[in-house]
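Visitor:
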């Protein structure tokens with residue numbers, strides 16, 4: 041039977057999502073737990089996509105196949121009892137045997153949090169500590185340039201070689217409350233460092249270091265990617281995956 | 041010169057506030073930093089009061105004496121550069137040589153945060169993960185019983201032997217938003233475990249395990265302290281100290 045799960049994690053103490061030998065990873069912890077649940081059988085888990093070291097998830101998804109017969113509620117409990125405190129399974133469901141958590145995903149939402157007030161030791165791993173004012177109006181004006189379909193190659197890590205960098209951003213928003221700026225992007229897919237590079241440019245626009253029009257310029261001239269600074273991982277959350 | 045500082049810390053990785061041999065404590069970290077700032081002289085720091093292991097602070101205060109001449113801004117920078125990431129000095133000021141951070145405090149505010157929704161791996165060390173519904177109306181009705189002057193002996197750790205357990209609570213509130221309940225108490229002083237025991241009783245009232253009137257009963261009959269469960273440390277924040 042194929043199962044789809046929704047889960048959250050605190051990325052702070054993981055070497056990213058993807059399994060790596062000798063490193064503590066979210067995927068590695070899941071495969072250890074699934075080995076126990078699935079009658080001591082190696083069980084692979086397929087997520088909607090990896091997240092980088094330090095990035096958090098509020099609603100990551102993944103699928104896997106189990107040979108054992110287990111109710112959805114018991115599966116949730118078994119996973120949560122075997123997984124460490126910094127991963128939590130929110131829900132479990134049965135899906136078609138052809139369902140794939142990555143390929144069937146139609147929309148993802150990422151959130152990025154920035155503290156523009158005093159440094160917070162309590163949120164240092166959960167909100168990017170920028171600790172200086174940002175002009176949210178300028179950032180909001182710039183944000184619109186990301187909307188719609190674009191070739192995002194200039195915003196993607198050079199390590200990530202793709203045949204096609206065209207993605208569509210369907211929604212974006214920026215809100216501020218109590219010195220915390222929250223930027224959200226919804227789209228049909230995001231590539232390595234894409235959100236952190238989009239946020240990095242917005243921060244430079246908000247600080248006055250780059251003009252509002254720079255995003256259009258980068259889309260039109262790949263060389264202008266040199267103006268991009270990748271925003272730090274700790275402010276980023278994979279918020280939701282839709283099927 | 042005597043200095044008063046306001047600071048915040050993440051209590052997660054400290055063995056409490058108070059210095060102890062071989063343990064990582066907030067006080068210990070401050071005294072290491074002050075030793076460097078104060079010309080390699082042992083420098084004691086006097087806080088408004090200790091906090092227990094796992095308890096956080098948004099606005100703790102402390103005073104100390106320095107022999108060196110340093111501006112307030114440089115003192116803030118020097119402390120923040122020498123202190124670890126999980127402590128942050130918010131402000132520095134000069135006070136009278138007779139000022140005492142503990143004895144001159146007239147009012148303190150504590151906040152306690154409870155998650156009544158799904159377990160959050162991200163906030164596991166910053167919000168108590170109760171993860172079940174609570175009747176906030178019952179808790180709010182009960183809260184009033186704490187207001188005013190009372191002998192809080194039944195709500196204080198038996199380890200804390202005092203000559204006088206009478207304290208005054210001047211303000212209290214309970215709010216709920218997005219499955220997070222926040223309880224706040226302001227008063228002229230709080231003793232060991234007092235807030236955590238007050239919150240512990242409120243949680244039992246909210247869950248229906250204890251009647252709303254139990255607080256009055258405990259005030260009137262010390263033996264009824266047996267109904268109290270101490271709420272966990274990670275939900276508690278020392279929010280503000282007033283002089």
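Residue numbers (the numbering used here), protein chains in the order written: chain U, 41 to 283; chain S, 41 to 283.
A virtual CB, placed ideally from N, CA and C, is assigned to each residue, including glycine.
Give a yes or no on whether the minimum CB-CB distance between residue 173 of chain S and chain U is below 8 Å.
Guide: The count along the second chain starts at 1 and reaches residue 173 of chain S at position 133. Not an interface residue.
Visitor: With distances taken Cα to Cα, identify the nearest neighbour of residue 65 of chain U among U:76, U:261, U:201, U:85.
Guide: Sequence index remark: in the first chain, residue 65 of chain U carries index 25 (1-based). Cα-wise, what sits closest to residue 65 of chain U is U:85.
Visitor: So, helix, strand or coil for residue 60 of chain S, using DSSP?
Guide: Taking the first residue of the second chain as 1, we reach residue 60 of chain S at position 20. Here residue 60 of chain S sits in coil by DSSP.
Visitor: Is residue 109 of chain S close to chain U, meaning its C-beta is less than 8 Å from at least one C-beta of that chain?
Guide: Working through the second chain from its first residue, we reach residue 109 of chain S at position 69. Closer than 8 Å: no.
Visitor: How many Å lie between residue 95 of chain U and residue 184 of chain S at the Cα?
Guide: Stepping through the first chain from its first residue, residue 95 of chain U is reached at position 55. Stepping through the second chain from its first residue, residue 184 of chain S is reached at position 144. Straight-line Cα distance between these residues: approximately 42 Å.
Visitor: Looking at the structure shown, is residue 86 of chain S part of a helix, part of a strand, or coil, going by DSSP?
Guide: Here residue 86 of chain S is taken as the residue at index 46 of the second chain, counted from 1. Strand at residue 86 of chain S.
Visitor: Do residue 278 of chain U and residue 97 of chain U count as a contact pair if the criterion is CB distance below 8 Å?
Guide: For this step, residue 97 of chain U is matched to residue 57 along the first chain. For this step, residue 278 of chain U is matched to residue 238 along the first chain. In contact: residue 97 of chain U and residue 278 of chain U (Cβ atoms closer than 8 Å).
Visitor: Since residue 240 of chain U and residue 207 of chain U should fall inside the 8 Å C-beta cutoff, what is the C-beta to C-beta distance between them, to a whole number of angstroms?
Guide: Here the question's residue 240 of chain U lines up with position 200 in the first chain. Here the question's residue 207 of chain U lines up with position 167 in the first chain. The Cβ separation is near 17 Å, so there is no contact.
Visitor: Residue 164 of chain U lies in the alpha helix (DSSP H); which residues open and close that run?
Guide: Along the first chain, read from residue 1 onward, the residue named residue 164 of chain U stands at position 124. It is not in any alpha helix (DSSP H) - residue 164 of chain U carries neither H nor E in the DSSP assignment.
Visitor: Taking buried to mean at least 16 other C-beta atoms within 10 Å of its own C-beta, is residue 62 of chain U buried or exposed?
Guide: Counted from its first residue, the first chain places residue 62 of chain U at position 22. When all chains shown are included, residue 62 of chain U counts as exposed.
Visitor: On the DSSP bridge list, what partners appear for residue 155 of chain S?
Guide: In the second chain, the residue the question calls residue 155 of chain S occupies position 115. Answer is S:169, S:220.
Visitor: At a CB distance below 7 Å, what residues from the stretch 218 to 252 of chain S approach chain U? Give them in sequence order.
Guide: Residues of the stretch 218 to 252 of chain S that bring their beta carbon within less than 7 Å of a beta carbon in chain U are absent altogether.
Visitor: Answer with yes or no whether the minimum CB distance from residue 164 of chain S to chain U is below 8 Å.
Guide: Reading the second chain from its first residue, position 124 is the one you call residue 164 of chain S. Yes, its Cβ sits closer than 8 Å to a Cβ of chain U.
Visitor: Roughly how many angstroms separate the alpha carbons of residue 28 of chain S and residue 156 of chain U, rounded to a whole number?
Guide: As shown, chain S starts at 41 and ends at 283. That puts residue 28 of chain S outside it, with no answer to give.
Visitor: Let's see if you can read the secondary structure: which residues bound the beta strand (DSSP E) around residue 282 of chain S?
Guide: Against the second chain, residue 282 of chain S aligns to sequence position 242. Where residue 282 of chain S is concerned, the enclosing beta strand (DSSP E) stretches over 276 to 282.
Visitor: For residue 44 of chain U, write down the residues that DSSP places opposite it in a beta bridge.
Guide: Position 4 of the first chain, counted from the first residue, corresponds to residue 44 of chain U. Answer is U:103, U:133.
Visitor: Give, in chain order, every residue of the stretch 127 to 160 of chain U whose Cβ lies closer than 8 Å to some Cβ of chain S.
Guide: 127, 128, 130, 158, 159, 160
Visitor: Can residue 153 of chain U and residue 168 of chain U be called in contact, C-beta distance under 8 Å?
Guide: Looking up residue 153 of chain U in the first chain gives position 113. Looking up residue 168 of chain U in the first chain gives position 128. Contact: yes.
Visitor: For a contact meaning CB atoms closer than 7 Å, what does residue 168 of chain S contact in chain U?
Guide: Position 128 of the second chain holds residue 168 of chain S. Chain U residues near residue 168 of chain S: none, gap ~14 Å exceeds 7 Å.
Visitor: So, for residue 103 of chain S: in the same chain, excluding its five sequence neighbours on each side, which residues have a beta-carbon less than 8 Å away from its beta-carbon?
Guide: Residue 103 of chain S sits at position 63 when you count from the first residue of the second chain. Only residues of its own chain outside the window of five on either side were considered, and among them 42, 43, 44, 45, 85, 86, 135, 139, 140, 141 have a CB closer than 8 Å to the CB of residue 103 of chain S, listed in chain order.
Visitor: Is the separation between the beta-carbon of residue 115 of chain S and that of residue 132 of chain S shorter than 8 Å?
Guide: As a working note, residue 115 of chain S is residue 75 in the second chain. As a working note, residue 132 of chain S is residue 92 in the second chain. Yes.
Visitor: Determine, using beta carbons only, whether residue 80 of chain U comes closer than 8 Å to chain S.
Guide: Taking the first chain and counting its residues from 1, the one referred to as residue 80 of chain U is at position 40. Judged by the 8 Å Cβ criterion, residue 80 of chain U is not in contact with chain S.
Visitor: Expressed to the nearest angstrom, what Euclidean distance is found between the alpha-carbon atoms of residue 193 of chain U and residue 121 of chain S?
Guide: Along the first chain, read from residue 1 onward, the residue named residue 193 of chain U stands at position 153. Along the second chain, read from residue 1 onward, the residue named residue 121 of chain S stands at position 81. Answer to the nearest angstrom: the Cα atoms are 38 Å apart.
Visitor: Using Cβ-Cβ distances below 7 Å, what residues of the stretch 49 to 75 of chain S are close to chain U?
Guide: Hits within the stretch, in order: 49, 50.
Visitor: Can you name the residues that DSSP bridges to residue 207 of chain U?
Guide: On the first chain, residue 207 of chain U is found 167 positions in, with the first residue counted as 1. Note: residue 207 of chain U sits in a beta bridge opposite U:190.
Visitor: Quick one: residues in its chain with C-beta nearer than 6 Å to the C-beta of residue 88 of chain S, no 5 flanking neighbours on either side, listed in chain order?
Guide: Taking the second chain and counting its residues from 1, one reaches residue 88 of chain S at position 48. Taken in chain order, the residues that qualify are 101, 141, 142, 145, 281.
Visitor: Taking residue 125 of chain S as the query, report the chain U residues whose CB atoms sit under 7 Å from its CB, ordered along the chain.
Guide: Here residue 125 of chain S corresponds to residue number 85 of the second chain, with the count starting at 1. Neighbours of residue 125 of chain S on chain U, chain order: 161, 164.
Visitor: With DSSP as the reference, identify every bridge partner of residue 150 of chain U, one or two as the case may be.
Guide: Residue mapping note: residue 150 of chain U aligns to position 110 of the first chain, counting from 1. Paired residue(s): U:225, U:278.
Visitor: Looking only at C-alpha atoms, which of S:217, S:213, S:195 sits nearest to residue 270 of chain S?
Guide: Position 230 of the second chain, counted from the first residue, corresponds to residue 270 of chain S. Ranking the options by Cα distance to residue 270 of chain S, first place goes to S:195.
Visitor: Please check if any C-beta of chain B sits within less than 8 Å of the C-beta of residue 96 of chain U.
Guide: No chain B appears in this structure, whose protein chains are U and S.
Visitor: If I'm right that residue 190 of chain S touches residue 159 of chain U with Cβ under 8 Å, what's the distance once you round it to whole angstroms?
Guide: Numbered from its first residue, the second chain carries residue 190 of chain S at position 150. Numbered from its first residue, the first chain carries residue 159 of chain U at position 119. Their Cβ separation, rounded to whole angstroms, is 38 Å, which puts residue 190 of chain S and residue 159 of chain U out of contact at 8 Å.
Visitor: When you compare the CB positions of residue 175 of chain U and residue 248 of chain U, do they come within less than 8 Å of one another, or not?
Guide: Position 135 of the first chain holds residue 175 of chain U. Position 208 of the first chain holds residue 248 of chain U. Result yes, Cβ atoms of residue 175 of chain U and residue 248 of chain U sit closer than 8 Å.
Visitor: Given residue 52 of chain S, which residues of its chain have a CB within under 6 Å of its CB, disregarding the five upstream and five downstream residues?
Guide: Against the second chain, residue 52 of chain S aligns to sequence position 12. Excluding residues within five positions, the ones whose Cβ falls inside 6 Å are 165.
Visitor: Does the beta-carbon distance from residue 92 of chain U to residue 273 of chain U come in below 8 Å?
Guide: As a first step, residue 92 of chain U is located in the first chain; it is residue number 52 there, counting from the start. As a first step, residue 273 of chain U is located in the first chain; it is residue number 233 there, counting from the start. Yes. Within cutoff.
Visitor: Hey, could you find the ends of the alpha helix (DSSP H) residue 237 of chain S is sitting in?
Guide: Mapped onto the second chain, residue 237 of chain S falls at position 197. Counting along the chain, the alpha helix (DSSP H) containing residue 237 of chain S begins and ends at 234 to 246.
Visitor: Name, in chain order, the residues that DSSP records as bridge partners for residue 110 of chain S.
Guide: Here residue 110 of chain S is taken as the residue at index 70 of the second chain, counted from 1. Paired residue(s): none; residue 110 of chain S is not in a bridge.
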